[in-house]
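One structure below.
In the numbering used here, the protein residues as written are 6 to 167.
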């Protein structure tokens, strides 16, 4: 039992390390041209394979992340489309705000820091959203962890800003 728990923890750590590297790579993305070919781990909206299907992993359509402590996580990224951030600052009937969103700033849990003020984002802008799914197996290949993250990059970076 303790060995299987250890296997799971090691697989999760490898998946999370791979996710951090993928997010760092996406920060430097300057074009969305890689999406749409549906190969090498880059998929257009609605074209990604099922994340929890065993047949998804180990295929030529999935990308391999750099090795982490002897394990090679696999991943795919699905482009989810543009996101527009808008806040009603007029105090009108809508009054909705985007809360604690770390977008083009470093908002903390309470919304502090960066562009975000306390409890709300004072941001108007555009972003491109991606879904990242990473799978890593444990050292014995008997366990695996699949994690999913949604990531936003500035539309300015990829030239899609209105």
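Even for Gly, the Cβ is constructed at its ideal location relative to N, Cα and C.
Q.
Are there any heavy atoms of the ligand HEM lying less than 6 Å away from the beta-carbon of residue 144, as far as the coordinates show?
A. In the structure shown, the ligand HEM is absent, as is every other ligand, since no ligand is present at all.
**Q.** residue 46 and residue 67 closer than 7 Å at C-beta
**A.** Residue 67 sits close to residue 46, with the two beta carbons spaced by under 7 Å.
Q) Between 56, 60 and 40, which lies nearest to residue 85 when the distance is taken from Cα to Cα? A) Taking the Cα of residue 85 as reference, the smallest distance to any Cα among 56, 60 and 40 is reached at 40.
Q | Cα-Cα separation between residue 151 and residue 165, rounded to whole angstroms | A | Approximately 31 Å between the Cα atoms of the pair.
Q. Can residue 44 and residue 54 be called in contact, C-beta distance under 7 Å?
A. Not closer than 7 Å, so no.
Q) Is it true that the CB of residue 79 sits closer than 7 Å to the CB of residue 135? A) No. Outside cutoff.
Q. Roughly how many angstroms separate the alpha carbons of residue 11 and residue 76, rounded to a whole number?
A. Those two C-alpha atoms are separated by around 14 Å.
Q: Count the other CB atoms, across all protein chains shown, that sit within 10 Å of the CB of residue 8; report buried if there are 16 or more and exposed otherwise.
A: Around the beta carbon of residue 8, a 10 Å sphere encloses fewer than 16 other beta carbons of the protein chains shown; the residue is thus reported as exposed.
Q) With 16 other CB atoms within 10 Å as the buried threshold, where does residue 33 fall? A) When all chains shown are included, residue 33 counts as exposed.
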